[in-house]
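Novice:
There are 2 protein chains.
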Amino acid sequence: MALQVDNDRLQGLISGERFSVIYRLQGNETEASMQARDICLEQTVEFPEELVPDGVIRNKILGRIENMEAWDEASFKVEISYAVETSALELTQLLNVIFGNISIKPGIRVEEINLPQSLLSCFKGPRFGRDGLRQLLKVAKRPLLFTALKPMGLSASELAELAYQFALGGIDIIKDDHGLTDQLFAPFEERVILCTQAVQRANQATGHHAIYVPNVTASYHNLLKRARFAKQAGAGGFLIAPGLTGLDAIRTLADDDALALPLFSHPAFQGSYVMGTSGIAHYALYGQIMRLAGADAVIYPNFGGRFSFSREECTRIAQGTSVPMGPIRQIFPSPGGGMSVESIPEMIKVYDNDVIFLIGGGLFKQGPDLVENCRYFRALVEKYYT
Amino acid sequence: MALQVDNDRLQGLISGERFSVIYRLQGNETEASMQARDICLEQTVEFPEELVPDGVIRNKILGRIENMEAWDEASFKVEISYAVETSALELTQLLNVIFGNISIKPGIRVEEINLPQSLLSCFKGPRFGRDGLRQLLKVAKRPLLFTALKPMGLSASELAELAYQFALGGIDIIKDDHGLTDQLFAPFEERVILCTQAVQRANQATGHHAIYVPNVTASYHNLLKRARFAKQAGAGGFLIAPGLTGLDAIRTLADDDALALPLFSHPAFQGSYVMGTSGIAHYALYGQIMRLAGADAVIYPNFGGRFSFSREECTRIAQGTSVPMGPIRQIFPSPGGGMSVESIPEMIKVYDNDVIFLIGGGLFKQGPDLVENCRYFRALVEKYYT
Chain A
567 MALQVDNDRL
577 QGLISGERFS
587 VIYRLQGNET
597 EASMQARDIC
607 LEQTVEFPEE
617 LVPDGVIRNK
627 ILGRIENMEA
637 WDEASFKVEI
647 SYAVETSALE
657 LTQLLNVIFG
667 NISIKPGIRV
677 EEINLPQSLL
687 SCFKGPRFGR
697 DGLRQLLKVA
707 KRPLLFTALK
717 PMGLSASELA
727 ELAYQFALGG
737 IDIIKDDHGL
747 TDQLFAPFEE
757 RVILCTQAVQ
767 RANQATGHHA
777 IYVPNVTASY
787 HNLLKRARFA
797 KQAGAGGFLI
807 APGLTGLDAI
817 RTLADDDALA
827 LPLFSHPAFQ
837 GSYVMGTSGI
847 AHYALYGQIM
857 RLAGADAVIY
867 PNFGGRFSFS
877 REECTRIAQG
887 TSVPMGPIRQ
897 IFPSPGGGMS
907 VESIPEMIKV
917 YDNDVIFLIG
927 GGLFKQGPDL
937 VENCRYFRAL
947 VEKYYT
Chain B
567 MALQVDNDRL
577 QGLISGERFS
587 VIYRLQGNET
597 EASMQARDIC
607 LEQTVEFPEE
617 LVPDGVIRNK
627 ILGRIENMEA
637 WDEASFKVEI
647 SYAVETSALE
657 LTQLLNVIFG
667 NISIKPGIRV
677 EEINLPQSLL
687 SCFKGPRFGR
697 DGLRQLLKVA
707 KRPLLFTALK
717 PMGLSASELA
727 ELAYQFALGG
737 IDIIKDDHGL
747 TDQLFAPFEE
757 RVILCTQAVQ
767 RANQATGHHA
777 IYVPNVTASY
787 HNLLKRARFA
797 KQAGAGGFLI
807 APGLTGLDAI
817 RTLADDDALA
827 LPLFSHPAFQ
837 GSYVMGTSGI
847 AHYALYGQIM
857 RLAGADAVIY
867 PNFGGRFSFS
877 REECTRIAQG
887 TSVPMGPIRQ
897 IFPSPGGGMS
907 VESIPEMIKV
917 YDNDVIFLIG
927 GGLFKQGPDL
937 VENCRYFRAL
947 VEKYYT
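If you read the protein sequences in the order shown, they are chains A and B.
Going from the first sequence to the working numbering is simple: count from 1 and add 566.
Going from the second sequence to the working numbering is simple: count from 1 and add 566.
What follows is the structure, given as structure tokens:
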């Protein structure tokens with residue numbers, strides 16, 4: 567059957583501005599071509615090709631193949647563009663056009679997104695970014711130092727004592743481990759109050775500006791409730807795992823003028839996107855998308871630790887955090903996951919100074935005195951940037 | 567360094583109740599054993615093994631390997647249990663313990679989750695479930711009929727005209743295509759009002775009880791705002807893609823007594839979890855987890871359509887929607903994605919009557935008259951269950 571479409575009306579609503587996505591498609595040229603045409607349909611009209619109404623829907627709403635070239639012997643690099651209006655100028659729907667239904671099809675990976683100024687200007691991005699976070703922490707040049715309160719099972723006061731020692735030893739950012747939420751053994755509100763006070767007490771002793779960053783990853787309503795409580799209590803930022811909360815939760819916290827604290831995104835429950843030849847490439851996910859969502863720093867597992875990211879993938883993430891994106895600020899890559907102070911020299915080679923070094927369990931292993939271990943970590947980093 | 571832990575205090579906060587996860591781990595026995603031990607640490611204390619404090623943290627908080635056996639020649643089936651308290655009784659943190667950090671490690675797949683009564687009772691699950699949805703739609707026995715309004719680009723009134731024809735033809739559930747959000751060409755509020763009215767008008771003509779289900783997948787704040795608007799306007803359910811909003815958004819809508827409408831989960835932006843040997847198995851993700859979150863029906867791509875799920879994977883999903891889960895209601899599997907009326911006989915063999923058949927574009931292809939196409943679809947299904 568033929569659909570009735572008011573083409574004149576629709577034409578008046580389409581600006582002509584388009585955003586594009588670079589996909590890597592597995593297969594030979596014929597397969598990749600078919601896959602690319604399928605993506606154009608699947609991500610927009612989701613309709614049998616022969617029934618797509620001629621006129622504006624076929625010419626403008628339907629995705630469009632802009633470019634196609636061999637990636638290697640087994641895959642193709644294909645750029646597909648979409649009308650800006652298909653995104654409804656909302657992060658959730660933008661992500662849906664980029665990779666919604668096709669996430670369920672094998673052999674398609676989002677490599678890069680290219681958004682025009684008109685679309686970028688719909689997003690505020692990170693409130694602080696690299697420069698803002700440096701100003702907040704009063705660290706002009708060197709890499710920032712980051713650690714996590716753990717293990718799960720400690721009480722709020724036991725965690726606060728650790729927070730105090732970390733801050734006393736010169737760590738800049740002290741976050742909850744991402745598994746600490748509101749467990750009975752260290753309830754959120756008690757933990758936030760005690761850890762905030764502990765870090766403030768250490769700051770008074772050191773003259774530093776360390777911040778405590780509680781984990782606000784939580785159920786839909788509790789997320790905002792906890793963030794507001796933490797702000798009120800004097801916390802210095804928020805940790806959030808968007809794989810659990812949805813990516814728009816980052817944007818919501820970042821855009822909230824009553825919160826106005828730096829955001830650290832955690833990769834938990836999100837690894838499946840970067841595991842194979844399907845999914846979203848490290849550069850696009852941890853670089854571009856986290857940044858668009860409004861994270862000021864993106865945590866991910868570094869090469870050489872207990873996870874599987876390669877040195878090249880980590881380098882690509884760092885590139886994604888800094889590539890020009892219109893008004894969207896540059897953010898910090900924050901590699902972690904089984905790092906130790908011994909990893910520092912190699913990490914500086916890859917990341918130089920605009921990086922946040924996240925060392926968790928490794929700081930405990932260094933020696934018997936936690937404060938001394940932190941001082942050693944800091945001295946090692948400062949040695950490179952004096 | 568050694569951590570100070572108040573073991574007596576902690577012991578008093580741990581009930582001894584545990585939930586467990588069955589993982590499939592790629593590798594030989596030695597590799598799988600190491601991987602399993604690593605999961606026990608990674609998903610709880612996230613701490614170097616040698617530094618985990620003896621006592622309650624090591625004995626109770628740490629994950630515990632309960633069982634391990636060969637899955638096949640290349641993988642092992644490993645059951646790991648966790649203290650119920652590690653989940654903080656919140657869906658987000660429960661998912662984090664099940665598959666947070668290890669989502670970033672290759673070769674680990676969540677196959678099944680087993681929650682004790684004490685944990686299940688923290689979740690209300692689906693408000694309607696199979697029985698409730700059948701009562702609402704007044705369909706006692708046969709499979710339910712489901713379709714989608716599309717393509718993107720139609721105006722709200724053009725979509726409403728389609729909704730009218732679908733309802734007139736006897737479709738039970740008429741949803742927005744998951745790509746329709748709040749685009750200029752069919753704004754959410756206008757679309758909801760017109761489509762709701764159109765379906766009501768058709769119901770008056772047919773005496774049926776069809777419902778219109780708008781897509782409320784949206785940014786954090788707009789999600790609830792749109793759901794409330796739709797409820798007010800008389801919509802009959804909500805479509806939501808938890809890959810975009812986070813899984814807890816389903817629970818939030820399901821638990822909201824002021825909304826009280828059936829929820830249909832859509833798999834967009836979530837396919838990466840089921841793409842390979844890492845991730846979450848179909849049974850656990852589309853069956854158990856969606857149900858725990860509160861979806862009354864779970865949409866997923868059927869075998870034989872334009873996606874890649876196998877017949878066995880789809881069967882497993884259906885099993886997950888009905889397996890005993892304490893007080894959590896059974897829900898409907900809703901296979902779709904390139905289905906046509908020709909697929910019905912084969913689908914009935916697999917799903918029998920407790921299924922929702924989702925046919926979108928296929929209904930348009932059947933013949934020149936959309937209402938007749940719907941009637942044909944309905945007659946075909948009714949033929950099996952009279």
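Ideal Cβ placement from N, Cα and C applies to all residues, glycine included.
Keep in mind it's a predicted model, so treat the numbers as computed, not measured.
For B/Ile-588, which beta-bridge partners are listed by DSSP?
Specialist: B/Glu-645 and B/Glu-678
Novice: Report yes or no: is there a C-beta of chain A within less than 8 Å of the C-beta of B/Ser-721?
Specialist: yes
Novice: Would you verify that the beta carbon of A/Val-618 is, or is not, closer than 8 Å to some beta carbon of chain B?
Specialist: yes
Novice: So which residues of chain A does B/Pro-867 contact, with C-beta pairs closer than 7 Å?
Specialist: Ile-670
Novice: Grab the span of the alpha helix (DSSP H) containing B/Met-600 for me, first residue to last.
Specialist: In this chain, the alpha helix (DSSP H) harbouring B/Met-600 covers 595 to 608.
Novice: So, helix, strand or coil for B/Asp-814, using DSSP?
Specialist: helix
Novice: Listed from N- to C-terminal order along the chain, which residues in the region 757 to 784 of chain A have their beta-carbon within a distance smaller than 9 Å of any beta-carbon of chain B?
Specialist: Thr-783 and Ala-784
Novice: List the residues of chain A whose Cβ lies closer than 7 Å to the Cβ of B/Gln-659, in chain order.
Specialist: Contacts between B/Gln-659 and chain A, judged by CB atoms closer than 7 Å, involve Thr-747 in chain order.
Novice: Taking Cβ positions only, does B/Ser-599 come closer than 8 Å to chain A?
Specialist: Chain A, which has no Cβ nearer than 8 Å to the Cβ of B/Ser-599, makes this no.
Novice: So B/Leu-613 contacts chain A; which residues on that side make the cut at Cβ distance below 9 Å?
Specialist: In the sequence as displayed, the identity of residue 613 of chain B is Phe instead of Leu. Result: Lys-716, Pro-717, Met-718, Asp-743, Gly-926, Gly-927 and Phe-930.
Novice: Going by C-alpha distance, which of A/Val-618, A/Ala-793, A/Ile-865 and A/Ile-846 is nearest A/Asp-823?
Specialist: A/Ala-793
Novice: Go to A/Ser-831, then tell me how far its beta strand (DSSP E) extends in each direction, as first and last residue.
Specialist: DSSP places A/Ser-831 in the uninterrupted beta strand (DSSP E) bounded by 829 to 831.
Novice: Are the C-beta atoms of A/Asp-738 and some chain B residue less than 8 Å apart?
Specialist: no
Novice: Counting beta carbon pairs with one atom in the region 716 to 732 of chain B and one in the region 934 to 941 of chain B, are three or more of them shorter than 8 Å?
Specialist: yes
Novice: What residues of chain B sit near A/Val-864, judged by a beta carbon separation below 9 Å?
Specialist: Under the 9 Å cutoff, chain B gives no residues; its nearest Cβ is about 13 Å from A/Val-864.
Novice: Do three or more CB pairs link the region 869 to 880 of chain B to the region 697 to 709 of chain A at distances below 8 Å?
Specialist: no
Novice: How about the region 639 to 651 of chain B and the region 588 to 604 of chain B: do they share at least three Cβ pairs that are nearer than 8 Å?
Specialist: These segments touch.
Novice: Taking B/Gly-886 as the query, report the chain A residues whose CB atoms sit under 9 Å from its CB, ordered along the chain.
Specialist: The contacting residues do not exist; B/Gly-886 stays about 17 Å from chain A at best.
Novice: Nearest to B/Val-758 by alpha carbon, out of B/Glu-912, B/Ala-799 and B/Pro-833?
Specialist: B/Ala-799
Novice: Which full runs of the beta strand (DSSP E) of 3+ residues lie inside the region 764 to 805 of chain B, going along the chain?
Specialist: 777 to 779
Novice: By the 9 Å beta-carbon criterion, what residues does the region 568 to 582 of chain B contribute toward chain A?
Specialist: Ala-568, Leu-569, Gln-570, Val-571, Asp-572, Arg-575, Leu-576, Leu-579 and Ile-580
Novice: When DSSP labels each residue in this structure, what does A/Arg-872 get in the three-state scheme?
Specialist: Correct three-state label for A/Arg-872: coil.
Novice: Quick one: list the residues of chain A neighbouring B/Ser-838, beta-carbon separation under 8 Å, in chain order.
Specialist: Ser-669, Ser-838, Tyr-839, Met-841, Ser-844, Gly-845 and Ile-846
Novice: Is the CB-CB distance between B/Asp-743 and B/Met-718 below 8 Å?
Specialist: yes
Novice: If you follow the beta strand (DSSP E) that B/Leu-710 is part of, which residue opens it and which one closes it?
Specialist: 710 to 715
Novice: Are A/Val-779 and A/Phe-804 close, meaning C-beta to C-beta below 8 Å?
Specialist: yes
Novice: Kindly give me the distance between the Cβ atoms of B/Leu-858 and B/Gly-666, rounded to whole angstroms, as I take these residues to be in contact under 8 Å.
Specialist: Not confirmed; about 16 Å, so no contact.
Novice: Kindly list the residues whose CB is nearer than 6 Å to the CB of A/Ser-906, restricted to its own chain and excluding five residues on each side of it in sequence; keep chain order.
Specialist: Gly-928
Novice: Please report the straight-line C-alpha distance between A/Leu-617 and A/Val-611, rounded to a whole angstrom.
Specialist: 10 Å
Novice: Could you check which residue in A/Ile-740, A/Glu-755, A/Ala-726 and A/Val-571 has the C-alpha nearest to that of A/Pro-828?
Specialist: A/Ile-740
Novice: Taking the alpha carbon of B/Leu-576 as the reference point, which residue from B/Met-600, B/Ser-586, B/Ala-649 and B/Glu-608 has its own alpha carbon closest?
Specialist: B/Ala-649
Novice: Which term fits B/Asn-633, buried or exposed, when burial requires 16 or more other beta carbons within 10 angstroms of its beta carbon?
Specialist: exposed
Novice: Beta-carbon of A/Asn-625 versus every beta-carbon of chain B: anything under 8 Å?
Specialist: no
Novice: In chain order, what residues of the same chain lie with their CB nearer than 8 Å to the CB of A/Val-571, ignoring the 5 residues before and after it?
Specialist: Pro-619, Gly-621, Val-622 and Ile-623
Novice: Could you tell me whether any Cβ in chain A is nearer than 8 Å to the Cβ of B/Leu-805?
Specialist: no
Novice: Could you give the DSSP three-state label for A/Met-891: helix, strand or coil?
Specialist: coil
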